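Working notes, structure below.
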Amino acid sequence: MRIGTPRELYTGESRVAMTPDSALQLQKLGYECVVEAGAGKAAGFTDDAYRSAGVAVVEDAAALYARADVVAKVRPPEASEVEHLRPGQTLLSFFYPAQNNDLLEQAKGRGANVIAMDMVPRISRAQKMDALSSMANIAGYRAVIEAGNNFGRFFTGQVTAAGKVPPAKVLVIGAGVAGLAAIGTATSLGAITYAFDVRPEVAEQIESMGAEFVYLDFKDQQEDGAATGGYAAPSSPEFREKQLEKFRELAPQIDIVITTALIPGRDAPKLWLADMVAMMKPGSVIVDLAAERGGNCDLTIADQKVVSANGVIVIGYTDFPSRMAAQASMLYSTNIRHMMTDLTPAKDGKIVHNMEDDVIRGATVAFESEITFPPPPPKVR
Ligand code: NAD
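For the sequence shown, my numbering begins at 1207 and goes up steadily by one.
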C-alpha cells in the first residue's frame, strides 16, 4: 500500500505529517511513500530530500489522493480535501470530531476510515502516538521563548560590572503537558518560576522541576481540583475566589505569566483578569496558550499580540507548534509512524484496522461508512 502526505492548506500552517526520516521508517513497514510537491517546504524539507529518501513526489493534491491508500496530514481536512477521499481510504490527521460533526459526516459519506490523532487514548501504551502531548510540549517551550522575545530583560539574575540584574519571575497557570514544558524551559533559563494547578497531585512534579507550587489558603485544596482521568473539573466558587485572591497578590511582582488552563469540553476558564493585568509592571508579558478556547486572560485576542493600557504585552498566538515547524513535524510524523506500526502488525505494507485494539478503536472516528465516535472507554490504562 501507499502512504501519502499532501501540502497543508490551512493558512500559516507550516508543519508536515511525513518527513524524509519518517518516510524511511514507513518504508521499513512495507509501504511506498508519496508526497505532494512542496509539502515539506515550510518545515525545511525539500522535494529533493524526500526523493533521496525514496519518496515519490507528485504535482498536486488530486494526484496525491488518487495514489495514496493512506493519507497522513496535520490539520483536519478542508472541504476540497474531503472531496478527494474515497471508500476504503484511510485518513490520519487531527480531526477534533466533537467540534467537527459536519466534517465527520462528510468523511463518513465518502466511505473513508478516519483516525483522529487527537483521539488517541491517553494511556501509557499509546504515549508514542500521543500527538496532543508532543505538540503541547512544543507549545509550552515556545511560549517561554516567545515571552523572552517580547520581554526586555534577562530571565536569569546577574551581577555584572554594569549593575545587578534581578531574575525574572515567571508564573505558569495550569501544569499539564504544556505547562510542565513551560516550567522546565523557564527554570532552565534561570527564572524564578511559580506554578499553579487545580490538581494538587501535580505539586510534586512542579517542585521536581525546580518551580514553586502556589498553595492557596483553602482548606479543601486537596479535594476541590478533583478530576477524572487526570483532567481538571470546574472549581467551586469559593475555590475560585481564593485562587483569584492569590493571583492578585502575585500580579505586581510577576514579570511573565504563561497560562495553559483547560477543562475538557468547556471554554477556557478566565483566571488572569483585567485588574490583575493592570497591577503588573509595564513591559511584563502574558502568553495565553488557551487563546484558541477563549483564553485564560481577559485581554487575550486569539492570534494577536496586544498591549494593555499599562504596557503589558498579551500574546494569544494559537500556532506555537507551527512556529517550530521542523521540530513539530519531526515529532508529529513520529507519532504517525508509531500509529502505522500498530496498524501494520506483519510489517507487510498492509493495514489491519483492528477495532479490538483500544488505541486504534479510540482514535477511529469513522470506519466502514459508520461513525465510530465517541468510542467506548478504553479497557486498559
Ligand atoms: P489540559 O490541556 O486539559 O489542561 C491543562 C492544565 O490546566 C491541566 O493540568 C489542568 O488541571 C489545568 N487547569 C484547569 N483548570 C485550571 C484552573 N482553574 N487553574 C489552574 N489550572 C487549571 O491538560 P493536558 O496537558 O492535556 O493534561 C491533562 C492530564 O493528562 C494530565 O494529568 C497529564 O499528566 C495527563 N496525560 C497523560 C498521558 C498518558 O499517556 N498517560 C499523556 C498526556 C497527558
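Beta carbons: idealized from backbone N, C-alpha and C, even for Gly. These figures come from a predicted structure and were not determined experimentally.
Asked, Found
"DSSP-derived helix/strand/coil call for residue 1512", "strand"
"Extent of the continuous beta strand (DSSP E) to which residue 1464 belongs", "1462-1465"
"contact_flag[the stretch 1533-1553, the stretch 1232-1250] where n(CB pairs < 8 Å) is 3 or more", "yes"
"Buried versus exposed, by CB contacts within 10 Å (16 or more), residue 1580", "exposed"
"Proximal residues to residue 1332 (C-beta, below 6 Å), its chain only, five neighbours per side dropped", "1326 and 1565"
"For residue 1318 and residue 1241, the rounded distance between their alpha carbons", "19 Å"
"Beta-carbon gap between residue 1382 and residue 1466 smaller than 9 Å", "yes"
"Any non-hydrogen atom of the ligand NAD within 8 Å of residue 1466 CB", "yes"
"Beta strand (DSSP E) segments (min. 3 residues) lying fully within the stretch 1221-1278", "1238-1242, 1262-1264 and 1276-1278"
"Buried versus exposed, by CB contacts within 10 Å (16 or more), residue 1352", "buried"
"Proximity to residue 1256 [Cα-Cα], best of 1231, 1269 and 1268", "1231"
"Given 8 Å, three or more beta-carbon pairs between the stretch 1354-1363 and the stretch 1304-1320", "no"
"Unbroken alpha helix (DSSP H) run spanning residue 1299, endpoints", "Counting along the chain, residue 1299 falls outside any alpha helix (DSSP H), though it belongs to the beta strand (DSSP E) covering 1296-1299."
"3 or more residues per run - each beta strand (DSSP E) lying fully within the stretch 1298-1355", "1319-1322"
"Any non-hydrogen atom of the ligand NAD within 8 Å of residue 1527 CB", "no"
"Which of helix, strand or coil DSSP assigns to residue 1507", "coil"
"Beta-carbon contacts of residue 1423 that lie in its chain and below 7 Å, excluding the five residues immediately before and after", "1448"
"First through last residue of the alpha helix (DSSP H) which encompasses residue 1454", "1443-1456"
"3 or more residues per run - each beta strand (DSSP E) lying fully within the stretch 1490-1564", "1491-1494, 1511-1513 and 1519-1521"
"Classification of residue 1271 by the beta-carbon crowding that lies within 10 angstroms, buried from 16 upward", "buried"
"The stretch 1434-1446 / the stretch 1459-1474 touching (three or more Cβ pairs under 8 Å)", "yes"
"Beta-carbon spacing of residue 1536, residue 1225 below 9 Å", "yes"
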